[in-house]
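In order, the protein sequences belong to chains A and B. By the count of full-length UniProt numbering, the first sequence reaches residue 446 at its end, each step adding exactly one. By the count of full-length UniProt numbering, the second sequence reaches residue 446 at its end, each step adding exactly one. Cβ coordinates follow ideal geometry from the N, Cα and C atoms, glycine included. Just so it is clear, the structure is predicted and the values come from calculations on it, not from any experiment.
Protein chains: 2
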Amino acid sequence: MDRVDLSIDDIPTRWYNVLPDLPRLPEKYIDNSTGAPVTREYLERLMVRAMAGQESSLERWVTIPEQVRDAYRMWRPTPLIRAVALERELRTPAQIWFKYEASSPTGSHKLNSAIAQAYFAKRDGHRRLVTDTGAGQWGSALALACRLMDLDLLVFMVRASYHQKPYRRHLMETYGAEVRPSPGGATRFGRRLLGESPDHPGSEATAVSEAIECVHDDAGSRLAVGAFTNFCLLHHSVIGLETRRQLESIGRSPDYLIASVGCGSNLGGLALPFLEDKLNGADITILAAEPEACAPLTHGEYRLDFADSEGRAPGVHTYTLGHDFVPPPIHAGGLRYHGCAPLVGLIRREGLLDAVAYPQTEVFKAGAEFARLQGYLPAPETAHAIRAVIEVADECKRTGRDATIVFSYSGHGLLDLPAYGRYNAGLLRDVEAEDFVAPRLEGIAV
Amino acid sequence: MDRVDLSIDDIPTRWYNVLPDLPRLPEKYIDNSTGAPVTREYLERLMVRAMAGQESSLERWVTIPEQVRDAYRMWRPTPLIRAVALERELRTPAQIWFKYEASSPTGSHKLNSAIAQAYFAKRDGHRRLVTDTGAGQWGSALALACRLMDLDLLVFMVRASYHQKPYRRHLMETYGAEVRPSPGGATRFGRRLLGESPDHPGSEATAVSEAIECVHDDAGSRLAVGAFTNFCLLHHSVIGLETRRQLESIGRSPDYLIASVGCGSNLGGLALPFLEDKLNGADITILAAEPEACAPLTHGEYRLDFADSEGRAPGVHTYTLGHDFVPPPIHAGGLRYHGCAPLVGLIRREGLLDAVAYPQTEVFKAGAEFARLQGYLPAPETAHAIRAVIEVADECKRTGRDATIVFSYSGHGLLDLPAYGRYNAGLLRDVEAEDFVAPRLEGIAV
């Protein structure tokens, strides 16, 4: 069998919450203004009320609301596909399977949590969500989710992407979202940054700061979060839960679970539902693939740091390169973030997560090879996972191990084709020169 | 049930050939150099040998080769999805279902025939396929197919798209195809056109002429055809065959079968497998949706005409606007062709096919509304079908008819987002001004 489908009735009815199964709980979030752990009141002012609750819930299973499950029926369950041609090319005895999350209407796994957050925001009576997005995968997923749940949305999009990669901005706007560049003129923080540095390209961290400022200024708004938080990883557990069922149906269990990591939402979604097996002695390697240019798990340190660039977001304990680290302009925009989700940092700290980092040219080589062999063109983010899969499969060839390798195909690369074009033309470099030139401020939206 | 999936084992084992079930056979192709019907030898020099045979075969069922079916397993069967939110919005008693062909790795139905043509080309010992493409849907499908079947490919891409819509060109090149703009310097015909008119934007018809010239000049090459031919519609019959099975599983039969028509490959694929029911008295309306700016079925006449702009392709009887008609630069590049497939022309001529044409702004309005309601962003081509569906569903509301409307969701619109951006900004016009400015010829590929 080269593809394992589930029936539409097999969409999970419950999310899996890993917190009660962890060796220890994550450190509490810190209120940077007081240095003390954040209060429930603080969180509920910042986030959707239900999310503040899910963030620290110790319930192992959380029922998926019927309306969320209904929306999941647009594209879930997603197929588990065997990369037969890649196996053949690598002459590996391992089996390589990928969980194909790119079939969602917005093209990535992000919709799993977007729909949940929009649903709860509506249910809890909030009028508007505000969020940040890099290349726009999260923003477009949330834009669709807010449309489906009849909710307003304001998106701060990293300024370089806003101007240079307008496709996903058009998609967000088609869904009805308001999209502003970050830094930009919509917030005091954005105006200050632009004042200091009119060419500032922005980053996820500046966009989070602006989003939080907007939430503070408007009682009807709450912050939506595309990765990082525990509840976000909770929602993405549908990825791993379906994968488990699909593997069981063909009598296999995973030896390797591999995903790219920016913050860790797709890694968490795929791997955390298998963590208890690992803790109970199953020989499972969980492997995070990072960009060499921005690799907190590989090159960062585990400590308290800000989640945004200004310190408005709570302080968290995790692996970080420092909140003032400005990631170089690699094409995998979704991986340009200085830290990783506290839960992902914690399992790394506990020795349950391996990590590896690759330079951009190797990543695109792997992505292009995968497209030629398997037909599907991966997002640069996803191509990091594929690069790691190739390394593991090669190792299996050397050792003769017929391992079961499962990776998260988190998104397609159709809106990243200019970067593949640069790769095809031999122009791509490991770290691209900073070629962002900010548009002149007169006459355009800042 | 809001989505009907089939099992991977339900991929059809045979294509359906409508020719033996037609009221009369299509007129023979004409050799423009002699005025007489083309010979089998002529066709076999132009096309893959097996294709020349399939073109006039009267076998009702044609076995799908195992290797083609294997490749179909990448994404087939495709789901049949009910557009519940659209029904609700329109307050129509009709049920609206769409056959979702956009889940193929290249994003449209085109891969159904691309894989077949590449398979037979390889089997029949040809070294290379040569083809034309407009916006690139067909070219990227064939590029993947040729890669899977280990075959060379040369694609002539309409020059305006080559320069202004490079995404699908990058995709073709990632799959390993050679892509040249048409008109361009690769052929005598291309050089002549550019000599006369250096800013010539090209069209499907110029690209076909250049492709045929290359095939004539190279004995190892054959022409691959993305629409138009009988064999192409044969391959796409998997769309309608699966749809029939899906509808049967929920106890429904179609009252309306709706698709956009450029040449008619997705209309033919969806509708022809139901034609016999219609001929046997079933009350089925088959409806073609065309762009007002290029509507051979609505505004053309049925007569003998060239399939390309130079008269190198065979002459055919069909509905045409004239082979020298240069379609205005609407965004639905896949519908910019002066004529339609002879089989589609024939069923129109026989009164079995209705047609309707819409201006571009109405089409984008329908496409954007569909995205907001159903999540999936349709290609501008597909949005034509959606516009027609809305009209039919509104009519059902007036008459109170709970009809079953089925339409072909032929492709996604993710690579057409700049056009949606223009629509969102209120800049889109029914016929866009000819804003193609040919790049200067020095220093770039022509």
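task = Locate the alpha helix (DSSP H) running through Trp-138 of chain B, then write down its first and last residues.
result = Position 138 of the second sequence, counted from the first residue, corresponds to residue 138 of chain B. Here the alpha helix (DSSP H) through Trp-138 of chain B covers 137-148.
ask   = Does any CB atom of chain A fall closer than 8 Å to the CB of Ser-103 of chain B?
value = The sequence position of residue 103 of chain B within the second sequence is 103, counting from 1. The beta carbon of Ser-103 of chain B sits closer than 8 Å to some beta carbon of chain A.
message = Please report the distance separating the alpha-carbon of Glu-44 of chain A from that of Ser-253 of chain A.
response = Position 44 of the first sequence holds residue 44 of chain A. Position 253 of the first sequence holds residue 253 of chain A. In this structure, the alpha-carbon of Glu-44 of chain A lies about 40 Å from that of Ser-253 of chain A.
request  = Helix, strand or coil for Val-446 of chain A, going by three-state DSSP, please let me know.
outcome  = Locating residue 446 of chain A in the first sequence gives position 446, counting from the first residue. With a pLDDT of 36 at Val-446 of chain A, under the threshold of 50, the predicted position of this residue should be treated as unreliable, though the coordinate-derived value follows. Look at Val-446 of chain A here: in three-state DSSP terms it is coil, with no helix or strand label.
task = With DSSP as the reference, please indicate the residues paired to Asp-132 of chain A in a beta bridge.
result = Here residue 132 of chain A corresponds to residue number 132 of the first sequence, with the count starting at 1. DSSP output for Asp-132 of chain A lists A:Phe-156 as bridge partner(s).
request  = Identify, in the order they occur along the chain, each residue of the same chain with its Cβ nearer than 7 Å to the Cβ of Asp-124 of chain B, setting aside the five sequence neighbours on each side.
outcome  = Here residue 124 of chain B corresponds to residue number 124 of the second sequence, with the count starting at 1. So the list reads Val-48, Arg-49 and Ala-50, once near-sequence residues are dropped.
request  = May I have a chain-ordered list of the beta strand (DSSP E) segments no shorter than 3 residues that lie completely inside the segment 318-388 of chain A?
outcome  = 354-358
ask   = If His-338 of chain B sits next to Ala-205 of chain B, beta carbons under 8 Å apart, how far is it from one beta carbon to the other, in whole angstroms?
value = Within the second sequence, numbered from 1, the residue matching residue 338 of chain B stands at position 338. Within the second sequence, numbered from 1, the residue matching residue 205 of chain B stands at position 205. That belief holds up - the Cβ atoms of His-338 of chain B and Ala-205 of chain B are roughly 6 Å apart, short of 8 Å.
request  = Just grab the DSSP bridge partners of Gly-315 of chain A for me.
outcome  = As a position in the first sequence, residue 315 of chain A is number 315, starting the count at 1. Answer is A:Ile-30 and A:Phe-306.
request  = Return no unless some Cβ of chain A is closer than 8 Å to the Cβ of Pro-418 of chain B.
outcome  = Taking the first residue of the second sequence as 1, we reach residue 418 of chain B at position 418. Yes, because at least one Cβ of chain A sits closer than 8 Å to the Cβ of Pro-418 of chain B.
task = State the beta-bridge partners of Arg-14 of chain A as determined by DSSP.
result = The residue given as residue 14 of chain A occupies position 14 in the first sequence. Per DSSP, A:Thr-63.
request  = State the start and end residues of the unbroken alpha helix (DSSP H) segment that holds Thr-243 of chain B.
outcome  = Working through the second sequence from its first residue, we reach residue 243 of chain B at position 243. For Thr-243 of chain B, the uninterrupted alpha helix (DSSP H) run begins and ends at 237-249, by DSSP.
ask   = In chain A, which residues lie less than 9 Å from Glu-173 of chain B when you measure between Cβ atoms?
value = Here residue 173 of chain B is taken as the residue at index 173 of the second sequence, counted from 1. What Glu-173 of chain B touches in chain A: Tyr-420, Gly-421, Asn-424 and Ala-425.
Reference Gly-400 of chain A; option with closest CA among A:Pro-93, A:Pro-37 and A:Trp-75 = Locating residue 400 of chain A in the first sequence gives position 400, counting from the first residue. Considering only alpha carbons, the answer is A:Pro-93.
message = Among A:Tyr-423, A:Val-215, A:Asn-112 and A:Gly-315, whose alpha-carbon lies nearest the alpha-carbon of Ala-186 of chain A?
response = Residue numbering aside, residue 186 of chain A sits at position 186 when the first sequence is read from its first letter. That would be A:Val-215, whose Cα lies nearest to the Cα of Ala-186 of chain A.
query = Can you name, in chain order, every residue of its own chain whose Cβ lies under 6 Å from the Cβ of Thr-63 of chain A, other than the five neighbours on each side?
reply = As a working note, residue 63 of chain A is residue 63 in the first sequence. Closer than 6 Å at the Cβ level, and outside the excluded window around Thr-63 of chain A, lie Arg-14.
message = I'd like the list of long-range same chain contacts for Ser-237 of chain A, defined as Cβ closer than 7 Å, with 5 residues on each side in sequence excluded.
response = In the first sequence, the residue the question calls residue 237 of chain A occupies position 237. Here the set comprises Trp-15, Tyr-16, Gly-269, Leu-272 and Pro-273.
query = Nearest chain B C-beta to His-170 of chain A closer than 8 Å, yes or no?
reply = Taking the first sequence and counting its residues from 1, the one referred to as residue 170 of chain A is at position 170. Answer yes: the Cβ-Cβ gap between His-170 of chain A and chain B drops below 8 Å somewhere.
key: Euclidean distance between Cα positions of Phe-120 of chain A and Leu-25 of chain B   = In the first sequence, residue 120 of chain A corresponds to position 120, counting from 1. In the second sequence, residue 25 of chain B corresponds to position 25, counting from 1. Distance between the alpha carbons of Phe-120 of chain A and Leu-25 of chain B: 60 Å.
query = Hey, is Pro-65 of chain B's beta-carbon within less than 8 Å of any beta-carbon in chain A?
reply = Taking the second sequence and counting its residues from 1, the one referred to as residue 65 of chain B is at position 65. Pro-65 of chain B does not count as touching chain A.
inquiry  = From the DSSP secondary-structure annotation, give me the bridge partner or partners of Thr-285 of chain B.
reply    = In the second sequence, residue 285 of chain B corresponds to position 285, counting from 1. Answer is B:Tyr-256, bridged to Thr-285 of chain B.
query = Where Ile-81 of chain B and Arg-40 of chain B are concerned, what is the direct C-alpha to C-alpha distance, given to the nearest angstrom?
reply = Counting from 1 along the second sequence, the entry for residue 81 of chain B is found at position 81. Counting from 1 along the second sequence, the entry for residue 40 of chain B is found at position 40. One C-alpha to the other measures close to 42 Å.
request  = Compare the C-beta of Gly-107 of chain A with all C-beta atoms of chain B and state if any pair is closer than 8 Å.
outcome  = For the purposes of this step, residue 107 of chain A is taken as residue 107 along the first sequence, with counting starting at 1. With 8 Å as the cut-off, Gly-107 of chain A counts as an interface residue toward chain B.
Residues in the segment 70-85 of chain B having any Cβ partner in chain A nearer than 7 Å = Arg-73 and Met-74
ask   = By a C-beta neighbour count over all protein chains shown, 10 Å radius and 16 as the cutoff for buried, is Pro-201 of chain B buried or exposed?
value = Translated into the one-based positions of the second sequence, residue 201 of chain B becomes position 201. Buried is the call here.
Contact residues within the segment 371-383 of chain B, judged by C-beta distance below 7 Å to chain A = Within the segment 371-383 of chain B, the residues whose Cβ lies closer than 7 Å to some Cβ of chain A are Ala-371, Arg-372, Gly-375, Tyr-376 and Leu-377, listed in chain order.
inquiry  = If I measure Cβ to Cβ from Gly-315 of chain B and keep anything under 8 Å in the same chain, skipping five residues before and after, which residues do I get?
reply    = Reading the second sequence from its first residue, position 315 is the one you call residue 315 of chain B. Taking C-beta separations shorter than 8 Å and ignoring five residues to either side along the sequence, the partners of Gly-315 of chain B in its chain run Tyr-29, Ile-30, Asp-31, Asn-32, Leu-304, Asp-305, Phe-306 and Ala-307, following chain order.
task = Please decide whether Asp-150 of chain A counts as near chain B, where near means a Cβ-Cβ distance under 8 Å.
result = Counted from its first residue, the first sequence places residue 150 of chain A at position 150. Against chain B, the CB of Asp-150 of chain A has no partner CB under 8 Å away; the residue lies outside that interface.
inquiry  = Please classify Pro-105 of chain B as buried or exposed, where buried requires at least 16 neighbouring CB atoms within 10 angstroms.
reply    = Your numbering for residue 105 of chain B matches position 105 in the second sequence. The residue is buried, with at least 16 neighbouring Cβ atoms inside 10 Å.
message = For a test of the three-state rule: what should DSSP assign to His-163 of chain A, helix, strand or coil?
response = For the purposes of this step, residue 163 of chain A is taken as residue 163 along the first sequence, with counting starting at 1. Correct three-state label for His-163 of chain A: helix.
ask   = Does Ala-368 of chain A come within less than 8 Å of chain B when only Cβ atoms are used?
value = In the first sequence, the residue the question calls residue 368 of chain A occupies position 368. Yes - at least one Cβ of chain B is within 8 Å of the one on Ala-368 of chain A.
request  = Find the residues of chain A that neighbour Pro-166 of chain B, judging by a C-beta separation of less than 8 Å, and give them in chain order.
outcome  = Numbered from 1 along the second sequence, position 166 holds the residue referred to as residue 166 of chain B. The contacting residues are Leu-417, Pro-418 and Gly-421.
inquiry  = Given 7 Å as the limit, tell me if Pro-77 of chain B has its C-beta closer than that to any heavy atom belonging to the ligand COA.
reply    = Only the bare structure without any ligand can be found here, which leaves the ligand COA out of the picture.
query = Where do the ends of the beta strand (DSSP E) carrying Arg-82 of chain B lie?
reply = On the second sequence, position 82 is the one that residue 82 of chain B refers to. Looking at the DSSP string, the run of the beta strand (DSSP E) that includes Arg-82 of chain B is 80-82.
ask   = Can at least three beta-carbon pairs, one atom from the segment 377-394 of chain A and one from the segment 226-233 of chain A, be found at a separation below 8 Å?
value = no
ask   = Taking 8 Å as the CB-CB cut-off, is Asp-218 of chain B touching chain A?
value = By one-based count along the second sequence, residue 218 of chain B stands at place 218. For Asp-218 of chain B, the nearest beta carbon of chain A is not closer than 8 Å to its own beta carbon.
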